[in-house]
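S.K.:
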Ligand SMILES: Cc1cc2nc3c(=O)[nH]c(=O)nc-3n(C[C@H](O)[C@H](O)[C@H](O)COP(=O)(O)OP(=O)(O)OC[C@H]3O[C@@H](n4cnc5c(N)ncnc54)[C@H](O)[C@@H]3O)c2cc1C
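Numbering (the UniProt record's numbering), first residue to last: 1 to 383.
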């Protein structure tokens, strides 16, 4: 079969790209080695934080704002709840600058971008934090908070499922459980070799997540580092503490011991919390997918007990996921240097999901030659 575009990987970025291309009438196919949404890539675990003032850099702000618009459009089209604007609290015990996602002062840059883009936010002192958010404990008199009411969380599995269903409705051909083995270019197109046969297309967009490095070779194998991340759901002892204002949270620590988490979801009596680990990295096919009791205990003792009130050490659920990280924590969205007609989308570095709907839209607009596509030029492969 021949298509205008084949999208490899139907996770966060693949689903968004398929939906946006199919909606525009492009003859498009998606293939995935599994059957998304699934829990073997980088887009599972119920929730992803989304923000508007993006501390990772100004280039991300228009993408986040576009994505918020698209989540709402998708909700209207599907009837599914995808985006909860429950607010976001970024907390720190001191005004000392804290590194994060490639920046030297993550909170400072977030606040500066909120000012620059006119994004509603407030800065809270220790007393205001204590009064408004009793679920966060152990903060001294120098604590400072950045609160953004338009931030919140997106539901990744639902968002992927909705976009794939809408893509299919709009005519996209979806091939789940179909593994791409090799790409081969020819005059005017690309052959996608899979275990089940060969498809061809004028363009291929590779959204293979943590497998991009292994599949695409060239510089990608060394440029994209895959690191194991752990998600924990601890049961609440005092749910009343989380019944009031319950934002998503990023707790910054100058010693790089930052963590982030989510309020209880409707019907759940647990908080989800995670830290970021860049040391435990390697081959995506050899990822240790089970979380040990020792890892849960370490998480609770280091991050939960000192910082969160009313949370027990009972672990209700855990999950392993993976970041695909570039050296500067930026996205990589560019043409493959050795395979003409192949676009590589590696947009994780731990902060991709919130932008996925907008990146899919920008790629589709670019492919269709539409004006006004969001600018992706900050995300090119360094030479
Ligand atoms: C623990 C964790 C927490 C995160 N928290 C946040 C957050 O709070 N906010 C935020 O914005 N972002 C967050 N992120 C980042 C975000 O989730 C990722 O950037 C995003 O989900 C990556 O999407 P993707 O499409 O690149 O990868 P995936 O969704 O994993 O999709 C890749 C797809 O490619 C398929 N595939 C791979 N190889 C092949 C092949 N050979 N043939 C066919 N198909 C193939 C896979 O099966 C998979 O379905 C987090 C990530 C993790 C792991």
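Even for Gly, the Cβ is constructed at its ideal location relative to N, Cα and C.
The structure displayed is predicted, hence computed values, not measured ones.
What ranges does the alpha helix (DSSP H) occupy inside the stretch 154-192, keeping only unbroken runs of at least 4 residues that lie completely in it?
M.R.: 156-169, all fully within the stretch 154-192.
S.K.: With distances taken from CA atoms, which of 353, 373 and 332 is nearest residue 47?
M.R.: Residue 47 has its Cα closest to that of 353, out of 353, 373 and 332.
S.K.: So if DSSP puts residue 280 in a beta bridge, which residue, or which two residues, is it bridged to?
M.R.: According to DSSP, residue 280 bridges with nothing at all.
S.K.: If residue 306 sits next to residue 138, beta carbons under 8 Å apart, how far is it from one beta carbon to the other, in whole angstroms?
M.R.: At roughly 5 Å, the Cβ-Cβ gap stays under 8 Å, so residue 306 and residue 138 are in contact.
S.K.: Let's see if you can read the secondary structure: which residues bound the beta strand (DSSP E) around residue 18?
M.R.: Note, residue 18: premise wrong, no beta strand (DSSP E); alpha helix (DSSP H) at 12-23.
S.K.: Measuring CA to CA, which of 98, 93, 210 and 82 is closest to residue 286?
M.R.: Looking at the Cα atoms, 210 is the closest of the given residues.
S.K.: Just the Cα atoms here: how many angstroms apart are residue 110 and residue 330?
M.R.: Using only the alpha carbons, I get a separation of about 16 Å.
S.K.: From residue 378 to residue 152, what does the alpha carbon distance come to, in whole angstroms?
M.R.: Taking the straight line from one Cα to the other gives about 25 Å.
S.K.: Considering just the uninterrupted stretch of the beta strand (DSSP E) at residue 248, what are its terminal residues?
M.R.: From DSSP, the beta strand (DSSP E) with residue 248 extends over 248-252.
S.K.: If you follow the beta strand (DSSP E) that residue 322 is part of, which residue opens it and which one closes it?
M.R.: It spans 311-325 - the beta strand (DSSP E) in which residue 322 sits, taken as one unbroken run.
S.K.: Spatial neighbours of residue 362 within its chain, please: C-beta separation below 7 Å, excluding the five flanking residues on both sides.
M.R.: Counting only Cβ-Cβ distances below 7 Å, and skipping sequence neighbours, we find 373, 374 and 376.
S.K.: Quick check on the burial criterion: 16 or more other C-beta atoms within 10 angstroms. Buried or exposed for residue 356?
M.R.: With 16 or more Cβ atoms within 10 Å of its Cβ, residue 356 is classed as buried.
S.K.: Could you check the C-alpha separation between residue 129 and residue 144 for me, to the nearest Å?
M.R.: Near 8 Å, if we compare the C-alpha coordinates of residue 144 and residue 129.
S.K.: Taking the beta carbon of residue 288 as the centre, do at least 16 other beta carbons fall within 10 Å, making it buried, or is it exposed?
M.R.: Residue 288 should be labelled exposed.
S.K.: When you measure from the CB of residue 354 to every non-hydrogen atom of ligand 1, does any distance come out below 6 Å?
M.R.: Within the cutoff, so yes.
S.K.: In the structure shown, what three-state DSSP assignment does residue 304 receive?
M.R.: Residue 304: helix per DSSP, three-state reduction.
S.K.: Where do the N-terminal and C-terminal ends of the alpha helix (DSSP H) with residue 78 fall, by residue?
M.R.: That run of the alpha helix (DSSP H) goes 61-78.
S.K.: May I ask you to report which of helix, strand or coil DSSP gives residue 196?
M.R.: If DSSP states are grouped into helix, strand and coil, residue 196 belongs with coil.
S.K.: Less than 7 Å between the C-beta atoms of residue 42 and residue 321, yes or no?
M.R.: Cβ distance < 7 Å, so residue 42 and residue 321 count as in contact.
S.K.: Report the option in 241, 230, 135 and 301 whose CA atom is closest to the CA atom of residue 278.
M.R.: For the residues 241, 230, 135 and 301, the minimum Cα distance to residue 278 belongs to 230.
S.K.: Which word fits residue 395, buried or exposed, when buried means at least 16 other C-beta atoms lie within 10 angstroms of its C-beta?
M.R.: The first residue shown for the chain is 1 and the last is 383, placing residue 395 beyond what the model contains.
S.K.: Which residue comes first and which comes last in the beta strand (DSSP E) that contains residue 48?
M.R.: Residues 48-50.
S.K.: Let me know the secondary structure DSSP gives residue 106 once reduced to three states.
M.R.: Looking at residue 106 - three-state DSSP - the assignment turns out to be helix.
S.K.: Going by the CB atoms, is the gap between residue 358 and residue 164 shorter than 7 Å?
M.R.: Against a cut-off of 7 Å, the Cβ pair of residue 358 and residue 164 comes out as no contact.
S.K.: If you follow the alpha helix (DSSP H) that residue 136 is in, where does it begin and where does it stop?
M.R.: Neither: residue 136 is in no alpha helix (DSSP H) and is coded neither H nor E.
S.K.: Let me know the secondary structure DSSP gives residue 84 once reduced to three states.
M.R.: Residue state, collapsed to three classes: strand.
S.K.: Suppose contacts are defined by Cβ-Cβ distances below 7 Å. Is residue 270 in contact with residue 6 by that definition?
M.R.: No. Outside cutoff.
S.K.: What is the DSSP secondary structure of residue 125, reduced to helix, strand or coil?
M.R.: If DSSP states are grouped into helix, strand and coil, residue 125 belongs with the strands.
S.K.: Within a Cβ cutoff of 8 Å, which residues of the same chain sit near residue 366, ignoring the five residues on either side of it in sequence?
M.R.: Counting only Cβ-Cβ distances below 8 Å, and skipping sequence neighbours, we find 373 and 376.
S.K.: Based on DSSP bridge pairs, tell me the residues matched to residue 335.
M.R.: Bridge partners of residue 335: 343.
S.K.: Given that a residue counts as buried once 16 or more other Cβ atoms are within 10 Å of its Cβ, and exposed if not, what is residue 206?
M.R.: By the 10 Å Cβ count, residue 206 comes out buried.
S.K.: Could you name the residues of the same chain whose beta carbon sits closer than 8 Å to that of residue 95, not counting the 5 residues immediately before and after it, in chain order?
M.R.: Answer for residue 95: 142 and 144, listed in chain order.
S.K.: Compute the beta-carbon to beta-carbon distance between residue 40 and residue 30, rounded to the nearest angstrom, for a pair I have assumed lies under 8 Å.
M.R.: Incorrect: roughly 16 Å between the Cβ atoms, too far for contact.
S.K.: So what does residue 233 bridge to, in DSSP terms?
M.R.: In DSSP, residue 233 forms a bridge with 272 and 317.
S.K.: Report the residue from 92, 20 and 178 whose alpha carbon sits nearest the alpha carbon of residue 35.
M.R.: Ranking 92, 20 and 178 by Cα distance to residue 35 puts 178 first.
S.K.: Distance, Cα to Cα, residue 84 vs residue 154?
M.R.: Whole-angstrom Cα-Cα distance: 6 Å.
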